[in-house]
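Visitor: Mind having a look at this structure? Questions to follow.
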Amino acid sequence: MQVTERLTRPLTEVKYLNADNVDRYRCIMRIFFENYEKLRYWMYEEDVFAAMKAEPYFSDYRQEQCRQDLEALAEWKNLIRIQDTRRVSTLAEFNNRNFRYQMSEYSVEIERLVLRLESLFIEGASLEPTLLERIRRNVTRFKDMVDADEESVYTWWTDLNNDFIRLNQNYQDYIRDLNSVRAEEMMRTQEFLIFKDRLVDYLRNFIKGLQRNVGVIEAELCALPQTLTDAVFARVLSYELSIPRMDVRVDEAVLLERIRGRFESIHDWFVAENGSENEAGKLFDATNDMIRRITRYAALLSERSTYSANRREEYRKVASVFMKCPSLAEAHKMSAMVFGVEQPRHLKGGQARATDSMNSGVYEEAPEIFTIKPRVRTYKEKANRSVMGDHSRQKAQARERMLQELQEEQMQLKKLEHDGRIDFGHLPVIAPRIREILLKWLSDALEDSDYTARTDDGRQYRLEFGPTGKRCIVRCEDGCFTMPDMSIVFLEADV
């Protein structure tokens, strides 16, 4: 890619395709394009307004709107306007500035593209073996172009490129349509069986054309010497430069690079080099895959249509045979023949028999059930789903027990308190739970700079230390431990 000013500049010419008044702009540009094809390149404002008013859709269209639309299109460089001085006879008429309008080159190509897009799903794509034959004939004439006149060389080169572009685009579009979601859904319907054979014959005919022409084209392209291709390219370039063009500067190097690039595209499409597959081989494989896919879908549809009918007849025949059995024993024998297998597998179980008689048959014994699990890693047994039960009663009982335990703890802590303080050096034997609560109070107070904290019920207390070095023994039900002499002093009355 070569970054140029033309590549990086914004395309204001396409603004009219998605502007606020797109219906008016597009209709005006279509009027200009239809007149352009009739070789009427210049139009006046009155002509455009008359053409717009002729349509019932624009019955309320005004002259001021037409003038504004033409000015907007001229500002976006879709229209080229010049002042018409041929009709001027007075100074006032000259000041009114009556303009003539003409489509720009970009606008002509944009309208052509829009027309192709509008008819995209109407025309469709195709696979034409005749294009391959025409390309083969033109490639074989490559050596003759050295001595031909420049006009004939240019015509030959244009035909070769047009046929190649058409072949390349058509096969891509056609294969894309066959691989689309819409085609996939259509192949699953019974209507697909009607034209299945015609579609397969069409694809096979194209494959035959590929096999018949690609080998010849590849051999011809590989046999072309570099000097011959350079001579032909020089003649094509010479004719390109001789074509007079208005307001267009032709770069000889750019033209020659474009001619070589087109030839390289044709060469790479047909010739396989460096072990890589050419585009013709990819097209051959894609077409064969599509034929196999169509055949597979058609076979599935045929089996689906005949499956139910065949099974119905089989079931009716089996039922009639069972109805003719004179006894249940004969029906059992018939069942073994119809539904049995040639080499049945016997499963041995550990269930105790209800009788030891050797004359007892399998239909008289109680069945034994075997649970067979799949031998795959991803298999998981289904969990038994149960309904959420009502546990409100158990929750209420647990809450009552918790409240009772809290009350008992509060009572035990209250007994340890004397005159609003708890001295660790004068504690009786305490329970492990009470010890945990007291040590937690100590830990909370030690974490504060003022050695103050609050209990769970909101009482504020302060930690007081005894004489330095003095220790006390705290006796518990599960053992004793020593600690510095401390006291917990409550700062407010119990609430």
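Under numbering that gives the first Met the number 0, the residues of the sequence shown are numbered 0 to 494, in order.
Heads up, the beta-carbon is just placed ideally off N, CA and C, and yes, glycines get one too.
#1: Enumerated in chain order, which unbroken segments of the beta strand (DSSP E) with a length of 3 residues or greater are wholly contained in the region 383 to 408?
#2: Less than 7 angstroms separating the beta-carbons of Ile495 and Phe232?
#3: For Gln189, report the span of its alpha helix (DSSP H) as first-last.
#4: Quick one: is the Cβ of Asn169 within less than 6 angstroms of any heavy atom of the ligand FAD?
#5: Measure how close the beta-carbons of Glu110 and Phe191 come, nearest whole angstrom, since I'm counting them as under 8 angstroms.
#6: To which residues does DSSP link Pro483 through a beta bridge?
#7: Taking only the alpha-carbon atoms, compute the straight-line gap between Phe48 and Arg248 and give it to the nearest angstrom.
#8: If you draw a straight line from the C-alpha of Ile164 to the C-alpha of Cys26, how long is it?
#9: Val152 and Val235 - do their beta-carbons sit closer together than 7 angstroms?
#10: Excluding five sequence neighbours on each side, which residues of the same chain lie with their C-beta closer than 7 angstroms to the C-beta of Trp156?
#11: Output yes or no for whether 7 angstroms exceeds the beta carbon distance between Cys475 and Arg434.
#12: Which residue's Cα is closest to the Cα of Ser241: Thr228, Ile193 and Glu150?
#13: Tell me the rounded alpha-carbon separation between Asn34 and Arg261.
#14: Asp162 and Leu130 - do their beta-carbons sit closer together than 7 angstroms?
#15: Alpha carbon to alpha carbon, how far is Tyr378 from Phe480? Give it in angstroms, no decimals.
#16: Measuring straight from C-alpha to C-alpha, what distance separates Ala330 and Asp200?
#17: With three or more C-beta pairs closer than 8 angstroms as the rule, is the region 385 to 392 touching the region 370 to 377?
#18: My assumption, with CB atoms under 8 angstroms, is that Asp267 sits in contact with Asn277. Please give the rounded CB distance.
#19: Below 8 angstroms CB to CB, which residues in the same chain sit around Val317 once its five sequence neighbours on both sides are set aside?
#20: Beta carbon of Ala279, beta carbon of Val213: below 7 angstroms?
#21: Rounded to a whole number of angstroms, what is the C-alpha to C-alpha distance between Glu38 and Lys76?
#22: Closest to Glu463 by CA distance: which of Asp422, Arg432, Arg99 and Phe98 is it?
#23: Taking the beta strand (DSSP E) that Met102 falls in, what are its first and last residues?
#24: In whole angstroms, what separates the C-alpha of Glu438 from that of Arg398?
#25: Please give the ranges of any alpha helix (DSSP H) in the region 243 to 320, keeping only runs that are unbroken, at least 4 residues long and fully inside the region.
#26: Compute the distance between the beta-carbons of Ser42 and Tyr100, then report whether it is under 7 angstroms.
#27: Within a Cβ cutoff of 7 angstroms, which residues of the same chain sit near Lys14, ignoring the five residues on either side of it in sequence?
#28: Nearest-angstrom Cα distance between Tyr238 and Glu263?
#29: For a quick check, are the C-beta atoms of Gly424 and Asp484 less than 7 angstroms apart?
#30: If I measure Cβ to Cβ from Leu504 and keep anything under 7 angstroms in the same chain, skipping five residues before and after, which residues do I get?
#31: Indicate the three-state DSSP secondary structure (helix, strand or coil) for Phe120 in the structure shown.
#32: If you measure between the beta carbons of Phe514 and Arg458, is that distance less than 7 angstroms?
#33: Going by beta-carbon coordinates alone, are Leu220 and Val270 separated by less than 7 angstroms?
#34: Mapping DSSP to helix, strand and coil, what is Val488?
#35: Buried or exposed, going by whether 16 or more other CB atoms sit within 10 Å of the CB of Met102?
Guide: If we stick to the structure as given:
#1: none
#2: Residue 495 cannot be examined here, being either before or after the span of the chain that is shown, 0 to 494.
#3: Element bounds for Gln189: n/a, residue is neither H nor E.
#4: In terms of ligand content, the structure shown is empty, and the ligand FAD therefore cannot be addressed.
#5: About 38 angstroms separates the two Cβ atoms, so there is no contact after all.
#6: Answer is Arg470.
#7: 36 angstroms
#8: 31 angstroms
#9: yes
#10: Hits under 7 angstroms: Val235.
#11: yes
#12: Glu150
#13: 33 angstroms
#14: yes
#15: 57 angstroms
#16: 52 angstroms
#17: no
#18: With a Cβ gap of about 7 angstroms, Asp267 and Asn277 count as contacting.
#19: Val337
#20: yes
#21: Here residue 38 is Leu; the residue named in the question, Glu, does not match the sequence. Roughly 20 angstroms separates the two Cα atoms.
#22: Asp422
#23: Phe98 to Met102
#24: Looking at the sequence itself, residue 438 is Leu, so the reference to Glu does not match. Going from the Cα of Leu438 to the Cα of Arg398 covers about 26 angstroms.
#25: 251 to 269
#26: The identity of residue 42 in the sequence shown is Met, whereas the question assumes Ser. Contact flag set, yes.
#27: Trp75
#28: 20 angstroms
#29: yes
#30: The first residue shown for the chain is 0 and the last is 494, placing residue 504 beyond what the model contains.
#31: Unreliable placement is indicated for Phe120, whose pLDDT of 49 sits below 50; no coordinate value is reported for it.
#32: Here the chain has residues from 0 to 494 only, and residue 514 is not among them.
#33: Annotated as proximal: Leu220 and Val270, with beta-carbon spacing under 7 angstroms.
#34: strand
#35: So Met102 ends up on the buried side.
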